[in-house]
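Colleague: Sharing a structure, written as structure tokens. Questions coming.
There are 2 protein chains.
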Amino acid sequence: MRRVSIISAGMTKFGEHWEKSFRELIVEAGVRALENANLEGKDIQALFGGCMASGTFIEQEHIGALMADQLGLNPIPSIRVEAACASGGVALRMGYLAVASGAYDIVAVGGVEKMTDIGAEDAAIALGGAGDQEWELFNGATFPALYALMANRHMKEFGTTEEQLAAVAVKNHKHGFLNPYAQFRNEISVEAVMNSGYVATPLKLLDCSPITDGAAAVILCASEKARGFTDLPIEIIASSQASDALALASREKLTEMKATKIAAAEAFKQARIDAKKVNVAEVHDCFTIAEILAIEDLGFFEKGYGGKAVEEGETALNSRVSVNTSGGLKACGHPVGATGVKQACEIFWQLRNEAKERQVKNAEIGLTQNVGGSGATTVVHVFKRGD
Amino acid sequence: MRRVSIISAGMTKFGEHWEKSFRELIVEAGVRALENANLEGKDIQALFGGCMASGTFIEQEHIGALMADQLGLNPIPSIRVEAACASGGVALRMGYLAVASGAYDIVAVGGVEKMTDIGAEDAAIALGGAGDQEWELFNGATFPALYALMANRHMKEFGTTEEQLAAVAVKNHKHGFLNPYAQFRNEISVEAVMNSGYVATPLKLLDCSPITDGAAAVILCASEKARGFTDLPIEIIASSQASDALALASREKLTEMKATKIAAAEAFKQARIDAKKVNVAEVHDCFTIAEILAIEDLGFFEKGYGGKAVEEGETALNSRVSVNTSGGLKACGHPVGATGVKQACEIFWQLRNEAKERQVKNAEIGLTQNVGGSGATTVVHVFKRGD
């Protein structure tokens, strides 16, 4: 298989885009990604797009064809992939495999979701489709409730506190404050999180990522040709994916995401590094507990120590490992199909030293971890600066 | 890129499966495909699943994870792809690329749809998502109406008659009568089609494919290892995909599917054969006019001659080219996400001489053409018997 690099990235601001359509979001992110590398549409040979639930959110399927059409890329092959909230990460992986295989030299990878066009109840059903709708949601377990079960168990087994959960949100809002693409650009305090209403005990409103509209795109190129487009390509040195039971009740443990552990082990093997080498990581903090599980299961910290690590600042900007410099899903926002691609955009900018006020110093190795549902899919990518 | 072969196939009967769930359909098709090659779940390294609109049909997304879970395949990567009614064909192509790349030796490709759990109006919205919902369906053009526009134009330009359209349905019911997996196992006459009610002039009820539940699966293997699993692997000698405008109004012509022409040209180039070499083809007859467009755009017959060719029996079983021996979408049924994979199952059985009463004699080369929406995506695969 050939080596693959990212040569460009582009995204919309994440937020509530009442004035923009699904299609406009796609075009805005896609055109920015093309322009940032001085590419034209005709340079792109195939398109992979992540989108989770457009059928429910906007009553439109056939998203691959729609993306190619709106971006003026016909007649290239265009493929939508869906893996719930990991749709973007899986799209990246499919694009990676397509270039690695030799089938294409340059492909575009996008992710998009327009979530604000329907009411809260319909949105809950749409997002419930990420879990086991039949066994969980239809029986009354909302999506936050699934993560609340994990949080409760983690608190019981390891003494993790609600304040430690809150510390995740506080950190990510601090980062989001520095990111012009973020939905929430306000800092919050532990007290503010603690005083926000319970959504599903122990998770409170400010432990939860928001409903978001947005799109993100990256351009992948065979590494051997990447220098023709940019002086600083970012190589994808690992791409892995693993699956676990769809329903929480069928998992071995509530205090870890097995799919993350398996995907991480595979990714570090491919990249020939260990977790300690990672300078900057975008992980899937759909709820604050998810970030704690992620930094443990990725091997950044020992199992059970994640909450304390966040509380003590070991994941803040320019600490031991800078986690969610974009603001994460919590503060940057979480347009479900776009998140996995946004994570790659953020790492691309970090490793190129283009992240401005939120720049991690001397970042050489970046990682993204994108989760579908309550952990049934995890996709991990590892990125490296330079050649 | 490595050569890739199909080593096994399995499917459910297509039909109205009131007694079976989405999950049961997946398991039935998947287990049959595994058993037919004496494989076990642990032999499968990745799973690619086509599904169009599960969010609308059954309020469930994250279909990749659900498939892996139900089939006991965790923790392998499992990816759902969506390209409207071409979802199955695109899943096959993704599985093909994954093996061709060297990333995996053996992968499973599945397709599934459970369409009968919702009412007709909701189903119309779900299927409308295959076209341009915003510009076509919301403005009153039902999905049959889009194909009716194509039929009218074809009739005007080339003198194609309603009786010739009917001849497609008559032929495909004749084939479906011979196929134990088919939804409709009854022969019909041209008179019956002509006397069925108009759905969208000139298309009548019996010009339209039905609402169907069903699933289909194939197992792909690197050709160099395929003989370890079966004495008669069927090689995929071409895999191509093209895109066109999502909305009919944006197409260059109504009398051809440009994406089919482009995908076919690319496929025949990869396969190093021309259309004349194809013995048996499964093409996308969601409406009778679609089969006429397909056999013209694939190059089996000259543009404008398709209707006459069908009427004169040139596409019947064991004629010049045997088209839709399964019964096609019309008689075998059309569970939208499964159809593209079912087409591959049928060709696999035909080229292995296992199609019994509907067997094409001495079939060496097979082809599948799977269309998304009204032609915005076309996927073409070419298959060859033996090594």
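Protein chains in written order, with the working numbering: chain H, 1 to 387; chain Y, 1001 to 1387. C-beta atoms are modelled at their ideal positions from N, C-alpha and C, and glycine is treated no differently. Note that the coordinates shown come from a computational prediction; the quantities given were computed from them, not determined experimentally.
1. Chain Y partners of N370/H, CB-CB under 9 Å?
2. Tell me, please, which residues DSSP counts as bridged to N370/H.
3. Give me the subset of the stretch 32-60 of chain H whose CB atoms are less than 7 Å from a CB atom of chain Y, sorted by chain position.
4. Does DSSP put Q1070/Y in a helix, a strand or coil?
5. Roughly how far, in whole angstroms, is the beta-carbon of I1219/Y from the beta-carbon of I1007/Y, given that I think they are within contact range, below 8 Å?
6. Identify which residue in P1077/Y, R1251/Y, G1095/Y and G1386/Y has its Cα closest to the Cα of A267/H.
7. If contacts are defined as beta-carbon pairs under 8 Å, then A173/H and G327/H qualify, I think. What distance do you get, rounded to the angstrom?
8. Using a 10 Å radius around the Cβ and a threshold of 16 neighbouring Cβ atoms, would you call E28/H buried or exposed?
9. For Y96/H, which residues does DSSP report across the bridge?
10. Under DSSP, the beta strand (DSSP E) around K450/H begins and ends at which residues?
11. My assumption, with CB atoms under 8 Å, is that F229/H sits in contact with L39/H. Please give the rounded CB distance.
12. Which term fits Y198/H, buried or exposed, when burial requires 16 or more other beta carbons within 10 angstroms of its beta carbon?
13. Chain H partners of G1129/Y, CB-CB under 7 Å?
14. Measure from the alpha carbon of Q1060/Y to the alpha carbon of each residue in E191/H, A123/H, Y181/H and E163/H, then state which is nearest.
15. For the candidate residues L1073/Y, G1010/Y, T1160/Y and V1382/Y, whose alpha-carbon lies nearest to that of E1282/Y?
16. Leaving out five residues on either side along the sequence, give the residues of the same chain with a beta carbon under 8 Å from the beta carbon of E1224/Y.
17. Cα separation between P202/H and A1242/Y?
18. Run through chain H and tell me which residues come within less than 9 Å of D1069/Y, C-beta to C-beta.
19. Please find out if some non-hydrogen atom of the ligand ADP comes closer than 7 Å to the beta-carbon of M1194/Y.
20. Listing by chain order, which chain H residues have their CB less than 7 Å from the CB of N1074/Y?
21. Which of the three DSSP states, helix, strand or coil, is assigned to K1384/Y?
22. Residues in its own chain within less than 7 Å of R1358/Y by CB, not counting five upstream and five downstream?
23. Whole angstroms are fine: how far does the CA of L1073/Y sit from the CA of N195/H?
24. Does the CB of P180/H have a neighbour CB from chain Y at under 8 Å?
25. Quick one: list the residues of chain Y neighbouring R434/H, beta-carbon separation under 9 Å, in chain order.
26. Between S1054/Y, A1151/Y, A1192/Y and F1184/Y, which has its C-alpha nearest A1130/Y's C-alpha?
27. So is E1035/Y buried or exposed if we call it buried at 16+ other beta carbons inside 10 Å?
28. Within 10 angstroms of the Cβ of K114/H, are there 16 or more other Cβ atoms? Answer buried if so, exposed if not.
29. If I measure Cβ to Cβ from G1089/Y and keep anything under 6 Å in the same chain, skipping five residues before and after, which residues do I get?
30. L1418/Y by DSSP, collapsed to three states: which one?
31. Which residues in the same chain as A1216/Y place their Cβ atom closer than 6 Å to its Cβ, once the five residues preceding and following it in sequence are excluded?
32. Please tell me whether I1365/Y and K1303/Y are closer than 8 Å, where the distance is taken between their beta carbons.
33. Measure the C-alpha to C-alpha separation of A995/Y and H1284/Y and round it to an integer number of angstroms.
34. Can you check whether the C-beta of V190/H is within less than 8 Å of a C-beta belonging to chain Y?
35. So, under 8 Å CB-CB, D1207/Y and T1288/Y are touching, yes? Tell me the CB distance rounded to an integer number of Å.
36. For the beta strand (DSSP E) that contains C221/H, what are its first and last residues?
Modeller: Inspection of the coordinates gives the following:
1. Those do not exist, as N370/H stays about 13 Å from chain Y at its closest Cβ, beyond 9 Å.
2. V379/H
3. M52, A53, G55, T56, E59 and Q60
4. helix
5. 5 Å
6. With distances taken between Cα atoms, A267/H lies closest to P1077/Y.
7. One detail in the question is off: residue 173/H reads as His in this sequence, not Ala. Confirmed, about 7 Å.
8. buried
9. Y96/H is not bridged to any residue.
10. The requested residue 450/H does not occur in the structure, where chain H is confined to residues 1 to 387.
11. A Cβ-Cβ distance of about 7 Å is found for the pair F229/H and L39/H, placing them in contact under the 8 Å criterion.
12. Result: exposed.
13. G55, E59, Q60, E61 and H62
14. A123/H
15. V1382/Y
16. R1002 and R1003
17. 49 Å
18. Using a Cβ-Cβ cut-off of 9 Å, D1069/Y is close to D132, S243, D244, A245, L246, A247, S250 and A376 of chain H, given in chain order.
19. What this structure holds is no ligand at all, so the ligand ADP is not there to describe.
20. S243, D244 and A245
21. strand
22. H1175, L1178, N1179, L1317 and T1325
23. 43 Å
24. no
25. Any answer about residue 434/H is impossible in this case: the structure gives chain H only from 1 up to 387.
26. Considering only alpha carbons, the answer is S1054/Y.
27. Exposed: under 16 other Cβ atoms inside 10 Å.
28. buried
29. When the five nearest sequence neighbours on each side are left out, the beta carbons in the same chain lying within less than 6 Å of the beta carbon of G1089/Y are those of G1340, N1370 and V1379, in order along the chain.
30. A query on residue 1418/Y cannot be resolved here, the shown segment of chain Y reaching from 1001 to 1387 and no further.
31. M1011, A1029, G1111, A1338, V1341, K1342 and C1345
32. no
33. No answer is possible for residue 995/Y: the residues shown for chain Y start at 1001 and end at 1387.
34. no
35. 4 Å
36. D213 to A222
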